[in-house]
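First up is the structure itself, then whatever we jot down about it.
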Amino acid sequence: MQTSKFIYFKTPIYILLVLFLFSCTKNDSSTQENSSTKIIQDSLFTLVNSSSDTNLNLEERKKIIQEAFYKVNLLRTDSIKLKHLTNLSYNSIQLKDSIFFRTINKETIELAKKQKDSVAMAEAYWDLGIYLENTKLIDSTYYYYNEALTIYSKLKNQKKMAFLFNSISTIQRKLGDYAGAEQTTIKALEIFKKSKNFLGMSNSYNSLGSITHSLGDIEKAIQYYQKASSYLDSIPEDVSINRVYITNNIGVSNMLLNQYREAENSFEKVVNFENLRATNPEFLAKAMVNLANAKKKQFSTEDLEPQYLAALEITKEYNNIFSEATSTGHYAQYLAYKKDTIKAVKMAKIALVLSEKAENFESLLRTLNFLTLVDKKNASTYAQEYFVIDKKLQEDERKLRDKFARIRFQTDEFIERNELLAKQNVLLTREKRLWSALAVLGLIGIVAILIIVIQRIKNNNLRFKQQQQESNLEIFNLLLVQQSKFDEGKKIEQERISQELHDGFLNKILGIRLVLLGLNKRQDETSIAQRAEVITQLADLSEEIRSISHELNEAAFQKMQNFMEAIKSLIKTFQIGSETLKYSFKFNTDLDWDSLDSTLKINLYRIVQESIQNCIKHAEASTIFVNFDVVDSSLMVTIEDNGKGFDSKRSKKGIGFRNISSRLKKLNGSLVVDSVMGSGTKLVLKIPYQNEIDKIA
């Protein structure tokens with residue numbers, strides 16, 4: 002210490018002066034730096050707030066966000082930088098600049114990982130999910146929503162979890178997983194009800210309405226939409242835009258119920274909503290098309306073409322190819338309705354190109370189906386393309402549903418594990434408090450403390466065992482429910498395959514067997530040619546079995562280009578196998594039978610096939626009469642034979658009759674059986690139908 006003091010007093014005075022000046026300069030520099038940082042932060046808050054102003058156009062908002070992003074990178078404090086990046090990541094979603102958004106979002110995620118900020122990480126994942134949903138990358142969207150959900154579950158943030166559940170439900174509904182979507186929405190609804198979050202409850206009921214709508218229960222869907230709208234009345238803030246979306250959904254449902262006047266009123270409210278052009282122009286274009294369609298359905302004399310063109314102009318202005326494809330397709334249908342077929346075909350082909358470019362598969366399939374009806378020359382080409390795309394979409398959706406089921410299972414498992422850990426933490430906390438209380442009570446007496454501790458430990462062990470038993474019972478019940486659903490699905494699929502094998506392949510094999518029995522008795526050239534034809538039929542049957550085994554759908558039937566010729570060929574096949582069988586086949590030529598729905602045609606084909614089989618095999622008939630007619634808006638199919646008949650009241654119905662009844666049930670049809678012992682049998686089928694052209698109009 003003495004040495005240091007000696008050196009200090011011996012230090013030259015000019016050195017002390019330099020050190021003093023340096024210290025002053027350093028302090029001034031530090032003060033200036035802090036002042037500069039504060040100015041940057043203040044300007045950043047202003048810029049970030051301005052970047053979310055929807056009254057500004059996209060270009061103005063983009064410039065603001067770019068400037069804010071530049072200033073954020075000047076900050077040295079990572080925690081403040083991360084806070085601004087999180088806001089900019091969300092605000093840049095709507096800029097339609099994928100590179101800029103991904104740059105901000107990626108930097109946000111990396112900094113959140115570095116800072117170990119779970120909240121910022123979850124927000125960034127959620128932003129990325131929203132962006133990917135807008136770009137139709139459904140699988141990636143689902144993944145990042147679940148990543149965010151997992152984090153919020155760990156943080157026990159019920160509010161954020163509820164909103165994410167609704168977002169995930171929307172993805173599930175788009176993929177056709179309506180059961181999963183309903184369960185996910187109900188989870189969100191339960192959380193919102195507990196917290197009395199009326200906006201969340203409204204969104205959840207609106208989502209349930211969309212799910213129920215997709216399942217075909219339109220009236221129930223409208224009830225959900227109305228309930229969603231009623232919850233908006235309890236919110237003090239301006240939520241009129243939410244009411245507009247619900248009103249549009251109600252209008253769409255009314256269209257399906259053929260309540261076109263009510264639908265028109267709903268769409269009028271949407272189109273006339275103030276500021277919709279500024280806040281959501283793409284939605285306005287969609288509503289304008291819906292309104293024009295509702296008026297068209299009422300056979301309005303108003304010239305609706307300007308409305309369709311105005312909607313198209315909006316989609317083009319905002320470069321929304323997806324919406325432009327949809328609007329163009331509806332415009333083409335309107336032109337067909339106005340009998341301008343040439344222009345309708347031209348616009349439909351444009352819609353086809355736009356749909357492919359935007360990957361708008363709903364519009365693509367609708368346009369292909371429309372072209373098969375208006376462009377008869379190329380109908381087969383469009384139909385073939387329709388079936389290929391539809392098949393691929395179904396396969397892709399099935400794969401995505403399986404993938405999402407695995408992700409959802411893992412997420413649910415993680416959430417359940419977190420909830421279990423939370424319960425265990427509560428128990429541990431209680432035990433800690435108990436031990437603290439026991440320590441205080443130790444002043445009263447060691448004996449009393451020991452008695453209380455032992456008794457409490459026993460109670461806790463018993464409670465824990467009871468909770469374990471309850472948890473095990475709950476898990477066991479869940480396994481039983483899942484197994485029951487699996488068995489139910491398996492049974493339905495087995496019945497369907499059994500029906501197809503019995504109605505299709507067994508009947509064809511019997512027909513071919515009868516033909517061969519008859520041909521084996523003859524050796525003339527005609528018989529030889531017929532045998533060759535039967536061999537060809539066997540090859541076709543083999544191809545059909547292979548097709549069914551790979552596709553398990555109606556692909557084999559789609560090869561039929563002429564439905565009436567297919568029925569006639571079916572009857573002729575049975576006649577070749579029997580030398581004595583005679584038949585009479587008539588059909589109403591006023592109806593375009595090929596325009597009927599494919600599901601209706603294949604079921605009719607199978608029913609006729611089974612009925613003729615019964616005539617030959619059981620009734621031993623020698624004459625069969627088949628007639629296809631149209632009465633009002635129903636198909637009337639009569640199949641009559643001169644066989645030995647049966648007592649329809651007493652006779653037990655075989656699998657063939659059960660299959661016929663099952664198919665008619667799918668078609669909302671009815672069956673009348675008129676049979677007397679020794680006097681033949683008469684079947685009369687009545688099936689409602691709607692021509693495909695009528696659907697378009």
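According to the working numbering, the sequence shown is numbered sequentially starting from 2.
Every residue gets a Cβ at the ideal spot worked out from N, C-alpha and C, and that includes glycine.
- Here T581 carries a coil assignment [DSSP, helix/strand/coil].
- Within the DSSP secondary-structure output, P237 pairs in no beta bridge.
- Residue pairing of V375 in beta bridges, as defined by DSSP: absent, with no partner found.
- Beta-carbon to beta-carbon, I661 and D642 are separated by about 15 angstroms, too far to satisfy the 8 angstroms threshold.
- Per DSSP, S205 is one residue of the alpha helix (DSSP H) stretching across 199-216.
- The criterion of a C-beta distance shorter than 7 angstroms is satisfied by S676 and S649.
- With contacts defined by Cβ atoms closer than 7 angstroms, E111 and Y126 do not form a contacting pair.
- Here V638 is near F629, since their CB atoms are less than 7 angstroms apart.
- According to DSSP, residue pairing for V685 in a beta bridge involves T639, V673.
- Note on E526: under 16 other CB atoms within 10 angstroms of its CB, so exposed under the neighbour-count rule.
- Assignment of I445 by DSSP, reduced to helix, strand and coil, places it in the coil class.
- Collapsing the DSSP output to three states places D341 in coil.
- The residue among D595, G657, S254, N589 with its C-alpha nearest the C-alpha of V609 is G657.
- Restricting attention to L86, T78, T55, the CA atom closest to the CA of Q67 is found in L86.
- Our two residues, D79 and N281, have alpha carbons roughly 35 angstroms apart in a direct line.
- DSSP, reduced to helix, strand and coil, places K97 outside both helices and strands of the structure shown, so it counts as coil.
- Taking Y226 as reference, the option from L57, T213, K84, A359 with the minimal CA-CA separation is T213.
- Look at K157 here: in three-state DSSP terms it is coil, with no helix or strand label.
- Within a 10 Å sphere around the beta-carbon of Y153 sit 16 or more other beta-carbons, which makes this residue buried.
- The three-state reading of DSSP puts F647 in coil, since its state is none of H, G, I, E or B.
- Collapsing the DSSP output to three states places D391 in a helix.
- Partner residues in the beta bridge of K587, as assigned by DSSP, are N628.
- Distance check between L686 and each of P307, L542, S596, L605 places L605 closest, using alpha-carbon atoms only.
- Taking all protein chains shown into account, T342 has fewer than 16 neighbouring C-beta atoms within 10 Å of its C-beta and is therefore exposed.
- A buried status is given to A295, since no fewer than 16 other beta-carbon atoms sit within 10 Å of its beta-carbon.
- Per DSSP, reduced to three states, the secondary structure at N320 is coil, with no helix or strand assignment.
- With contacts defined as CB atoms closer than 7 angstroms, Y206 and K188 fail to qualify as a contacting pair.
- Contact annotation, L355 with E325: C-beta distance approximately 6 angstroms; criterion of less than 8 angstroms satisfied.
- The shortest C-alpha to C-alpha distance from A288 to any of V272, N521, Q531, A182 is the one to V272.
- DSSP, reduced to helix, strand and coil, places M678 outside both helices and strands of the structure shown, so it counts as coil.
- In this chain, the alpha helix (DSSP H) harbouring S267 covers 261-272.
- The closest CA to that of R103, considering only L133, R77, N56, is found on L133.
- With 16 or more other CB atoms across the displayed protein chains lying within 10 angstroms of its CB, M122 is buried.
- Excluding sequence positions up to five before and after T574, its CB lies within less than 6 angstroms of the CB of G512, all in the same chain and listed in chain order.
- I390 is positioned such that its CB atom lies no closer than 7 angstroms to that of K358.
- E621 places its beta carbon less than 7 angstroms from that of G644.
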